Amino acid sequence: MKTKVLLIETDPAIALGLPELIERSHSEITVDVATNYQDGLSQAVNSKPDLVLMDLNQGEGLSLAEKIKQAIPNIKILFLSATLNSQKDLISLIADGYNGFCLKGIEVDELIDAIKATQKDTDSIYLDSRILSDLRKQVSRLKNITEESNEEIAKILNEFTKRQRDVLKLLIQGKDEVEISKLLGITYYTVRSHLSAIRNKLVAGSKSEVIAKCWSTGLAYEL
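Here our numbering is used: the first residue of the sequence shown is 20, the next is one more, and so on.
Below, the structure written as structure tokens:
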């Protein structure tokens, strides 16, 4: 079954060219287009796509995303935008249950990977490779965090087994349960068990929350 994507994009060049690039590169993805936010909402409600790919305008765009999620609670929403204002905004989007963020100019192969990864796992989060690179640089600058924070991170790390740290590291890299099980040579159900333990130890209700907490506390850098 083909993956139905709705692209909501006000830039005519992107609205015209991107769907053709995606469909030409991957025959199992179909892309419908809405060129304004009002049409985007009605098309999402009427056609119920598997995934919405949309520009994140901090005003109208974010408001539209919230309306779409209210109308279709299980919809996947992947943002495609020219810039990301701050790491805080990104963490907020992840915590609010959105499925990923890509920067305009992304290679079509990476965008297809983002669509496939997001579609395959309900709790998946995809971040553009450039955003991940910037995040790593920002986290590396957190070396001046207080001793108290360092002690807290060490305490959290000590609560995890080595295998749980391995699972968590791959989760932060965007891997799902099936990929983690193959990379670590353990069963899918063992991975699920480790993820359950990780969520309990971090007091997180979902994989999205786990990832957000790891980045916001600096734990991701220590894995």
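Backbone N, C-alpha and C fix where the C-beta goes; we use that ideal spot for every residue, glycine too. From a predicted model like this one, the values you see are computed outputs, not experimental measurements.
Please report the straight-line C-alpha distance between residue i and residue j, rounded to a whole angstrom.
| i | j | result |
| --- | --- | --- |
| residue 192 | residue 30 | 31 angstroms |
| residue 240 | residue 153 | 13 angstroms |
| residue 216 | residue 139 | 23 angstroms |
| residue 120 | residue 126 | 14 angstroms |
| residue 171 | residue 204 | 31 angstroms |
| residue 137 | residue 91 | 16 angstroms |
| residue 238 | residue 67 | 37 angstroms |
| residue 89 | residue 98 | 17 angstroms |
| residue 233 | residue 209 | 21 angstroms |
| residue 225 | residue 114 | 10 angstroms |
| residue 130 | residue 179 | 33 angstroms |
| residue 79 | residue 177 | 44 angstroms |
Tell me whether the beta-carbon of residue i lies closer than 8 angstroms to the beta-carbon of residue j.
| i | j | result |
| --- | --- | --- |
| residue 118 | residue 95 | yes |
| residue 81 | residue 72 | no |
| residue 144 | residue 227 | yes |
| residue 50 | residue 34 | no |
| residue 190 | residue 230 | yes |
| residue 83 | residue 56 | yes |
| residue 202 | residue 194 | yes |
| residue 48 | residue 86 | no |
So, with DSSP's three-state summary, where would you put residue i?
| i | result |
| --- | --- |
| residue 50 | strand |
| residue 59 | helix |
| residue 205 | coil |
| residue 81 | helix |
| residue 236 | helix |
| residue 25 | strand |
CB of residue i to nearest heavy atom of the ligand ATP: below 7 angstroms?
| i | result |
| --- | --- |
| residue 193 | Only the bare structure without any ligand can be found here, which leaves the ligand ATP out of the picture. |
Kindly list the residues whose CB is nearer than 7 angstroms to the CB of residue i, restricted to its own chain and excluding five residues on each side of it in sequence; keep chain order.
| i | result |
| --- | --- |
| residue 149 | 122 |
For residue i, which residues in the same chain have their Cβ closer than 8 angstroms to its Cβ, ignoring the five residues on either side in sequence?
| i | result |
| --- | --- |
| residue 235 | 110 |
Discussion item. List, from N- to C-terminal side, the alpha helix (DSSP H) runs of 4 residues or more that fit wholly inside the stretch 91–157.
Written reply: 106–114 and 127–139
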